[in-house]
Amino acid sequence: MALKRFILKNAAIGILSILGLAACGSTATQHEEPVVSVPQAEPIAQFVKQSGKQLMLSGQSFRFAGASNFYLHRSDNVTITSFLDDAEAMGLNSVRIFGFLDGEDYNMSLQPELGVFKKAGQKDALERIDFIVHQASLRGIRLVIVLTNNWPEYGGVPQYVKWLDLESHDEFFSSKQAKEAYKKYAAHLIGRENQYTGKRYSDDPTIMTWELINAPRTQDTSGQLLVEWADEMSRYVKSIAPQQLVALGSEGFFNRPGNTDWNYNGSEGVDWERLIRLPNIDYGTFHLYPEYWEKADAEAWGTQWIVEHAEAASLANKPFVLEEYAILANDINNRDFVYDKWHRTAYAQGASGTMVWGLNSFKDAAKKELYPDYDGYRVLADQGRTHQLLAQHSLVMRGLLPGYDARSYITTPSPLQRIDNQWLTVKANVLAASSSAKSMSVRTSVDSYELDGPDAEGYYTAYVELDPSTLGEQQISLVTKLDNGQRLSDKSSVLYNPTVVGYERTFTYDFSSGLKQGWHSDGAWQAKWNKPALTISDDLGKSMLKLNGELPGLEEWEELKIRNSRIQNLNRQDRIVFTAYIPADETGAGGVRPYAALADGWVKLGIDQYRESVSSLEKVIVDDQVYYKQLVEIELGNTAGKQPDIYICFVGEKLPLSKPVYLDDIHFEKALYK
48 MALKRFILKN
58 AAIGILSILG
68 LAACGSTATQ
78 HEEPVVSVPQ
88 AEPIAQFVKQ
98 SGKQLMLSGQ
108 SFRFAGASNF
118 YLHRSDNVTI
128 TSFLDDAEAM
138 GLNSVRIFGF
148 LDGEDYNMSL
158 QPELGVFKKA
168 GQKDALERID
178 FIVHQASLRG
188 IRLVIVLTNN
198 WPEYGGVPQY
208 VKWLDLESHD
218 EFFSSKQAKE
228 AYKKYAAHLI
238 GRENQYTGKR
248 YSDDPTIMTW
258 ELINAPRTQD
268 TSGQLLVEWA
278 DEMSRYVKSI
288 APQQLVALGS
298 EGFFNRPGNT
308 DWNYNGSEGV
318 DWERLIRLPN
328 IDYGTFHLYP
338 EYWEKADAEA
348 WGTQWIVEHA
358 EAASLANKPF
368 VLEEYAILAN
378 DINNRDFVYD
388 KWHRTAYAQG
398 ASGTMVWGLN
408 SFKDAAKKEL
418 YPDYDGYRVL
428 ADQGRTHQLL
438 AQHSLVMRGL
448 LPGYDARSYI
458 TTPSPLQRID
468 NQWLTVKANV
478 LAASSSAKSM
488 SVRTSVDSYE
498 LDGPDAEGYY
508 TAYVELDPST
518 LGEQQISLVT
528 KLDNGQRLSD
538 KSSVLYNPTV
548 VGYERTFTYD
558 FSSGLKQGWH
568 SDGAWQAKWN
578 KPALTISDDL
588 GKSMLKLNGE
598 LPGLEEWEEL
608 KIRNSRIQNL
618 NRQDRIVFTA
628 YIPADETGAG
638 GVRPYAALAD
648 GWVKLGIDQY
658 RESVSSLEKV
668 IVDDQVYYKQ
678 LVEIELGNTA
688 GKQPDIYICF
698 VGEKLPLSKP
708 VYLDDIHFEK
718 ALYK
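Going by the numbering used here, the letters in the sequence shown line up with residues 48 to 721, in that order.
The following block contains the structure:
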């Protein structure tokens, strides 16, 4: 897909362009979006400073909208420039990147061994960061660079614990050795001279912020351990980078005794209200993942989360930044509505910045291969509605637009949600700063319906009928008339399938020929494939797929993935079924949590539906070897328009495994309806 960029010569033209679109009462739907014109980037010459509740640039209030990225620091030039081009096309003026590879090997290194910053025969990954800084500066994009990770991705705290033979994760935050090792790496990175610009990192205003650690957590429920560590490290980093901002990188958890919500009660060892008050922490950061955190109402919970951080930051007289936020693209929530609501809330509450998670781009010069969507949060600069929302939000945050366009949304049902009843409830919401809805109506192929409302949270509701004679996709259209005469619209679709009464087998993989029929190994997480990774075997008396991998049994998620990109008639299938045989040991320790995923969009299916301890599974004996047997049946959801590409993912939960796992009777089934 070619990404068209709309870069104007000056901000004034860009503002007039958008105001013109708003003035003519343009209609915003899922498929027809007014194009937000982005002004040309300004060169970066001055450092951003903190003053009270604001960030300042050249004596003026500075606010930003950006993206957090996890892969740029180990990427090639094409991937880096593609991402930065897309960020610029969205009008984003900041990007957050990781600045560490602790013990990690990507054919390049930053810290392959403790205190060793270059491995013989490997590229120095600092050259990658040099390139990112240089390219970002050319586009007027300021950087936040994170110094390490609380999690094992790219090494992080678990790697320091391993290097120093510490007894626990928490000891990283108290150990003198760990603190000195951390400071040594920070000094090495911050003191780096960029080979493209000739500037030391500490002297380059393109680097807006040094962030101490991504998402720190501890077992100290008082929060004192993290407060003391953040105080010491922020003081140190500020001493060697006095012109730049320093932030912690916290997810924003509170420590309010008596609160039953784990995000608020200090159980993660974080006390945001104390951390933001530290003298060398320039602004408070927080993250927002209500689905991952298992919150019932993602929009409402997230909106309140933003408001509460704004209130706490105001009391501390410090700025605050929502530096990671995401909603799954294929989920029950209307992601665009949620993002729009959060953007408006963050702006109104005085946030200094927001940084969306999941902006991905192309990884090849021909712009044919996108970076994989590993977590389902992917956002693209494709001129679609999400793109336009982010672009407009950036211009509002930067003071280049006076406010947001009015928009209305179908919030329930979610796009392409499966419906088994011809009658359903439709909910809608309108976001308009200076006007309200005069009327809202929704149309199906059967009839048109007026919506009642709004309720206390601003939602309008109607009970509507679908066409019972039409199976599959049916469209729902919303029209909203505002009291100022403006007309808004939105579209969505549902998949109408009545009650499922059974399934019939449509295609079965028969491995008796010795052919894998498109199945191949495709990655591992905290596990490893042996060679050959995937074979056909008769070890258990019939031809099955044999996964030759190993799980150490130390973590809650150790994964082997297999993939097939040649699925026959995927859009006509309703579920995938297989039987797993897992070698048993004497302890019966650990569990399994298999799932599947559609590769197109990385749509995870059946997550934790089959999460079971192995001791609870049926046991079978083949040639004196005991196996646990697990039947897995996973609904595929909406496969319309999806590539014929699917993963089967075997996940062990603290399951030590040194022998192969076997998959038998892999097949697809189609639903039968009443």
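By construction, the Cβ of each residue, glycine as well, lies at the ideal position given by its N, Cα and C atoms.
Please read all numbers here as calculations on a predicted model, not as lab measurements.
> First and last residue of the beta strand (DSSP E) that includes E716?
Replying inline: V708 to Y720
> Rounded to a whole number of angstroms, what is the C-alpha to C-alpha distance between D729 and S486?
Replying inline: Beyond the ends of the chain as shown, which are 48 and 721, falls residue 729; an answer cannot be given.
>> Could you pull the DSSP bridge partners for W572 from this structure?
In response: E606
> Roughly how many angstroms separate the alpha carbons of L518 and V541, rounded to a whole number?
Replying inline: 10 Å
> Does the segment 405-417 come within contact of the segment 446-460, defined as at least 3 CB pairs closer than 8 Å?
Replying inline: no
>> Short of 7 Å in beta carbon distance, which residues of its chain neighbour Y336, apart from the five on each side in sequence? Order them along the chain.
In response: A373
>> Spatial neighbours of D569 within its chain, please: C-beta separation below 8 Å, excluding the five flanking residues on both sides.
In response: K608, I609, R610 and Y694
> Taking all protein chains shown into account, do 16 or more other C-beta atoms lie within 10 angstroms of the C-beta of P86, making it buried, or fewer, making it exposed?
Replying inline: buried
> Can you list, in chain order, the residues of its chain whose CB lies under 6 Å from that of D530, leaving out five sequence neighbours each side?
Replying inline: S482, S483 and K485
> When burial is assigned at 16 or more other CB atoms within 10 Å of the CB, is W352 buried or exposed?
Replying inline: buried
>> If I follow the unbroken beta strand (DSSP E) through I379, where does it start and stop?
In response: Note, I379: premise wrong, no beta strand (DSSP E); not H, not E.
>> What would DSSP say about N310, mapped onto helix, strand or coil?
In response: coil
>> Given a cut-off of 8 Å on the beta-carbon distance, is the pair G296 and A262 in contact?
In response: yes
>> Bridge partners for R534 per DSSP, in chain order?
In response: K528
> DSSP three-state call for H120: helix, strand or coil?
Replying inline: helix
>> For Q439 and V83, what's the separation of their Cα atoms in angstroms?
In response: 6 Å
>> Let's see if you can read the secondary structure: which residues bound the beta strand (DSSP E) around K474?
In response: W470 to L478
> Measuring CA to CA, which of E682, D149, A636 and V473 is closest to V547?
Replying inline: E682
> According to DSSP, is M487 helix, strand or coil?
Replying inline: strand
> Name the DSSP beta bridge partners of M402, please?
Replying inline: G113
> Which stretch, first to last residue, makes up the alpha helix (DSSP H) that contains S184?
Replying inline: L173 to L185
> Just the Cα atoms here: how many angstroms apart are Q409 and I192?
Replying inline: In the sequence on display, residue 409 carries Phe and not Gln. Near 22 Å, if we compare the C-alpha coordinates of I192 and F409.
> Since Y507 sits in a beta bridge, which residues does DSSP pair it with?
Replying inline: A475
> Quick one: Cα of Y283 to Cα of K230, how far?
Replying inline: 8 Å
>> What would DSSP say about P205, mapped onto helix, strand or coil?
In response: helix
> Rounded to whole angstroms, how far is the Cβ of L325 from the Cβ of A277, which I believe are closer than 8 Å?
Replying inline: 6 Å
> Expressed to the nearest angstrom, what Euclidean distance is found between the alpha-carbon atoms of D387 and L213?
Replying inline: 44 Å
>> Using 8 Å as the threshold, is the C-beta distance between L211 and G146 below it?
In response: no
> Which residues mark the beginning and the end of the beta strand (DSSP E) in which Q464 is found?
Replying inline: Q464 to I466
> Smallest Cα separation from R247: which of Q271, Q291, L259 and I379?
Replying inline: Q291
> From what residue to what residue does the beta strand (DSSP E) around V669 run?
Replying inline: E665 to V669
> What residues in its chain sit with their C-beta under 7 Å from that of P90, if we drop five residues either side in the sequence?
Replying inline: G187
> Out of L471, A475 and A453, which has the shortest C-alpha to C-alpha gap to L380?
Replying inline: The residue you asked about is not Leu; residue 380 is Asn in the sequence shown. The candidate whose alpha carbon is nearest that of N380 is A475.
> Roughly how many whole angstroms lie between the Cα atoms of A134 and R552?
Replying inline: 46 Å
>> Please report the distance separating the alpha-carbon of Y720 from that of D621.
In response: 12 Å
> S249: which of Y311, N310, R303 and V180 sits nearest, CA to CA?
Replying inline: V180
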